[in-house]
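So for the sequence shown, UniProt numbering puts the first residue at 1; every next one is plus one.
From the three backbone atoms N, C-alpha and C, an ideal C-beta is built for every residue, glycine too.
In this text the structure is predicted, and so the values were computed from the model without any measurement.
Written below as structure tokens is the structure these notes are about.
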Amino acid sequence: WEEISCTPQEEEHDIKAQDELAKVMTDLGLNTNYWIPKLRDILHITNVQALQYFGPEEFETIEPHSRLPWEKKALSKLVEMSGKEVVLKQSQKCDPIGNEQKHDTPTKQHPEQMQQKRSTHIGEAKMEDETEQRLELKGAKENPLCDKSHSNDMESTFLKQLDLANISTLHGTVSRQICLQNASKGLALEGVYKTGQINARLQKRGKLVNIPMSFDLAGPVHQPMIKQQEFSSSEEESIFDTAVEKIGFNTITTGFLQALKEETTSQHSKALYTEEKQRENPNSSRIHCAKYLYLPLASGSLDFDKLKLSDEALEELQSIESTLKSVNDAFKTRVLKSRLGSFFENFGSHVHTGPIHFGGIFKWKASTEDITSNQKNEQRNILSEAVERYSTSAYNSSGCAGGVSMMASNFITEFSEKYNATLLSKVTFSVGTIGGPPGICSLEQWKTDIVSNAKMWSVIDRGTSLVPVWDIVTFNHENDFENTLIANSLKEAYTLLTNPIPNCRVEVSAKAEAQSVMQDIKHWQESDVEYNLQKIIDLKQKLHDETKNNLIWVNTCLSHPALQSFLSNIITAPANTVKIKKLMRSIMEPKCCEVDSFPQLASVMQWLNESEGVSAQVSDFKDLVNILTKAKENLKEVEFSTKYSEIIEKRNKEITNSFNSFCQSLRTSELIEQELLIISVASGVGYCVKEKRFQRPLHYDNIAHL
Numbered sequence: 001w002e003e004i005s006c007t008p009q010e011e012e013h014d015i016k017a018q019d020e021l022a023k024v025m026t027d028l029g030l031n032t033n034y035w036i037p038k039l040r041d042i043l044h045i046t047n048v049q050a051l052q053y054f055g056p057e058e059f060e061t062i063e064p065h066s067r068l069p070w071e072k073k074a075l076s077k078l079v080e081m082s083g084k085e086v087v088l089k090q091s092q093k094c095d096p097i098g099n100e101q102k103h104d105t106p107t108k109q110h111p112e113q114m115q116q117k118r119s120t121h122i123g124e125a126k127m128e129d130e131t132e133q134r135l136e137l138k139g140a141k142e143n144p145l146c147d148k149s150h151s152n153d154m155e156s157t158f159l160k161q162l163d164l165a166n167i168s169t170l171h172g173t174v175s176r177q178i179c180l181q182n183a184s185k186g187l188a189l190e191g192v193y194k195t196g197q198i199n200a201r202l203q204k205r206g207k208l209v210n211i212p213m214s215f216d217l218a219g220p221v222h223q224p225m226i227k228q229q230e231f232s233s234s235e236e237e238s239i240f241d242t243a244v245e246k247i248g249f250n251t252i253t254t255g256f257l258q259a260l261k262e263e264t265t266s267q268h269s270k271a272l273y274t275e276e277k278q279r280e281n282p283n284s285s286r287i288h289c290a291k292y293l294y295l296p297l298a299s300g301s302l303d304f305d306k307l308k309l310s311d312e313a314l315e316e317l318q319s320i321e322s323t324l325k326s327v328n329d330a331f332k333t334r335v336l337k338s339r340l341g342s343f344f345e346n347f348g349s350h351v352h353t354g355p356i357h358f359g360g361i362f363k364w365k366a367s368t369e370d371i372t373s374n375q376k377n378e379q380r381n382i383l384s385e386a387v388e389r390y391s392t393s394a395y396n397s398s399g400c401a402g403g404v405s406m407m408a409s410n411f412i413t414e415f416s417e418k419y420n421a422t423l424l425s426k427v428t429f430s431v432g433t434i435g436g437p438p439g440i441c442s443l444e445q446w447k448t449d450i451v452s453n454a455k456m457w458s459v460i461d462r463g464t465s466l467v468p469v470w471d472i473v474t475f476n477h478e479n480d481f482e483n484t485l486i487a488n489s490l491k492e493a494y495t496l497l498t499n500p501i502p503n504c505r506v507e508v509s510a511k512a513e514a515q516s517v518m519q520d521i522k523h524w525q526e527s528d529v530e531y532n533l534q535k536i537i538d539l540k541q542k543l544h545d546e547t548k549n550n551l552i553w554v555n556t557c558l559s560h561p562a563l564q565s566f567l568s569n570i571i572t573a574p575a576n577t578v579k580i581k582k583l584m585r586s587i588m589e590p591k592c593c594e595v596d597s598f599p600q601l602a603s604v605m606q607w608l609n610e611s612e613g614v615s616a617q618v619s620d621f622k623d624l625v626n627i628l629t630k631a632k633e634n635l636k637e638v639e640f641s642t643k644y645s646e647i648i649e650k651r652n653k654e655i656t657n658s659f660n661s662f663c664q665s666l667r668t669s670e671l672i673e674q675e676l677l678i679i680s681v682a683s684g685v686g687y688c689v690k691e692k693r694f695q696r697p698l699h700y701d702n703i704a705h706l
């Protein structure tokens, strides 16, 4: 974020120069959002005064950028107007009508008189601007409810009128790879360490993946939007702004904000907050109110099949692989936590695949500090109204009302009857930006520049789909590693670090007990099916209670041939009671999909689904789409919830069952081509025809793809 507090002189000069130049271009019928950046970037013309040097040579330089024949004619008018005529013409339009006669004989006046007159005109123009703003603020004060509605209407109108017509043309001139690499200093290629803690997601990580050659830009999936947010401390605002910058404005939902608030009150964050408070007056506090304009201009996704690890990440994993080959089993856990833990800290455990949005964010902020607890409610109302008026004034096409100093002065004057004067005087205004040109206070100029120049784009949303690094290693780096050792180690280390085992001795004991039970399975009697199934369920629960994870259950039990054979024989038995089916489901779900090798898995799951009727038969394509849509929305709602893993397993099961049912319906109807088409789409996100299941968890973006 770049926080900007412009001086009055800078604001007045920048706004006035741009308004005057825009007026000339508008009089000629030219689109200011397109032509003002062209004049600035190609000819370095940023004000009306520079137009007096616009001659035939400048016309020849700018002419090729004309999109229509009439634009060339309009530009040729600038050649005719070159010299003092264009400056004089614009000055006459800005002067009061009563002073028109004074311009007829400018050469008869002394230079000091001309300077005095010019200063007078500027002062009068400034007074008119201030008067208009006072009237506008006065109307707001007298009828706040009407003003709020009017402000909402202005926001809606402003968003609808955003001129993004040239963006599609701009896409064709932008290097997709350079855009991905440069936007926010390559943020889209960085990994994230997904630990369940938001702060871990906000940390700076290294480059985890290279730019996929298949990456392409398209139009934005999101629409421009404006949101307001209140903060009770500078730290809270800083964390929120960092989350907007690192994760994405549109991704931050109500659930995220609630999780952020809970984490802020945790012991670590609480200590930081207390330390900050000790430096302040214990009887005072600060409040910030900000309004954000989210402006997406383009989007693109990282194709999983094309993802490759960065050279640095690949080299580090190959080094770790060499170490793991030579280490004893007794030290394996220590190596996993140390070496791979450092890898996760440096590069992250997951990578965002999108949709990644490029564009910018503009922020208006009103702040106050050194207020007592009994002043908070009134100060909140003041700040809310202040930032409302500040942002609303910027929606005007002229942008003249957006100056920080003018806004502060007029706000204090016009609201002195409604609010305490001392509290009003403590309000400060500023703006902040992500993307766009540096040091710009004017919304109109910022918007014009960022829309016309893709080099100024930033990553403003990274999407909700996360792919783990071990999946990238397994599917896209088969030739870079000798076997599945490093992929399995990454997954195991991630589980150890994010769900730590309290005692290694407990793990050893639990694993030994599991192996003992697996050896006894071949001696079990077929007549004691229910008893034996319940014994397996009890073992599963005990392993989880002791180790706080499912690693031993998946790797030692579900992967064991004896247990797989036992379960497969049950589904072929002539008689199966409802209780047996219920016990079988408790054993198989929800971790059965994590087993690397289970040849009969598809048959077992199909038997369970068909027998219990877990999922309704899906024969209509619309029903399948509705199931996918609900699952996608559900995953977005619980993205930052502690129950995310549980929900994603449940939704994946529902999608798998529905998908298999729909394919079976097509097969029964002999719609072979349609079935092949559906399966080919699903294979893009890991569907295996042989096992009739998705080989990796379906996240938000995968479901959206389906």
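Judged by beta-carbon spacing, Lys579 lies beyond the 7 Å limit of Ile552, meaning their Cβ atoms are not closer than that value. Spanning the alpha carbons of Lys291 and Gln228 requires a straight line of approximately 4 Å. In this chain, His222 is not harboured by any beta strand (DSSP E), its DSSP state being neither H nor E. In summary, His44 is exposed, with fewer than 16 beta-carbon neighbours lying within 10 Å of its beta-carbon over all protein chains present. The way I'd put it, the stretch 304-319 does touch the stretch 340-350; three or more beta-carbon pairs between them come closer than 8 Å. As a beta-bridge residue in DSSP terms, Asp461 pairs with Gly248 and His357.
Taking 7 Å as the cut-off, the beta carbon of Ile587 is found no closer than this to the beta carbon of Ala631. Exposed is the label assigned to Trp70, since fewer than 16 other Cβ atoms lie within 10 Å of its Cβ. Residue state for Val79 is assigned as helix, using DSSP reduced to three classes.
Around the beta carbon of Ile178, fewer than 16 other beta carbons sit within 10 angstroms, so the residue counts as exposed. Residues of the same chain with a CB within less than 8 Å of the CB of Lys325, apart from the 5 flanking positions on each side, are Leu485 in chain order. Short of 8 Å from the beta carbon of Thr448, and not among the five residues preceding or following it, lie these beta carbons of its own chain, in chain order: Thr32, Asn33, Ile36 and Pro37. With a cutoff of 7 Å on beta-carbon distance, Arg176 and Phe215 are scored as near each other. Beta-bridge partners assigned by DSSP to Cys289: Glu230 and Ala366.
Distance from the CA atom of Asn532 to the CA atom of Met518, rounded to whole angstroms, is 12 Å. Annotated three-state conformation of Glu190 is strand, per DSSP. With contacts defined by Cβ atoms closer than 7 Å, Leu490 and Val469 form a contacting pair.
Three or more beta-carbon pairs drawn from the stretch 365-385 and the stretch 425-436 are found closer than 8 Å, and the two stretches are therefore classed as touching. Assigned with DSSP and collapsed to three states, Arg696 falls in coil, not helix or strand. Residue environment for Val689: exposed (fewer than 16 other C-beta atoms within 10 angstroms of its C-beta).
The three-state secondary structure of Ala298, taken from DSSP, is strand.
A direct Cα-to-Cα measurement between Met225 and Val79 gives close to 41 Å.
Between Leu336 and Ala493, the CB-CB gap stays under 7 Å. Take the alpha-carbon of Gly219 and the one of His357: they are about 9 Å apart.
DSSP places Leu309 in the strand class (E or B) of the three-state scheme.
Here Tyr390 carries a helix assignment [DSSP, helix/strand/coil].
When Leu423, Ser683, Ser452 and Phe621 are compared, the shortest CA-CA separation from Gly435 is found for Ser452. Looking only at Glu633, Ser658, Pro599 and Glu589, the smallest Cα-Cα distance to Lys622 is reached by Ser658. By the Cβ-count criterion, Ala682 is buried, with 16 or more other Cβ atoms from all chains shown falling within 10 Å of its own Cβ. When DSSP reads this structure, Val685 sits in no beta bridge, so it has no partner. For Val473, the closest alpha carbon among the candidates Lys308, Lys542, Ile62 and Gln223 is that of Lys308. Lys548 is positioned such that its CB atom lies closer than 7 Å to that of Asn499.
Annotation: Glu639 to Ile62 spans about 50 Å, alpha carbon to alpha carbon.
In the three-state scheme derived from DSSP, where H, G and I count as helix and E and B as strand, Lys579 is classed as helix. Going by C-alpha positions, Pro355 is about 24 Å away from Glu646. Inter-segment contact for the stretch 450-464 and the stretch 376-388 is absent: fewer than three beta-carbon pairs are separated by less than 8 Å.
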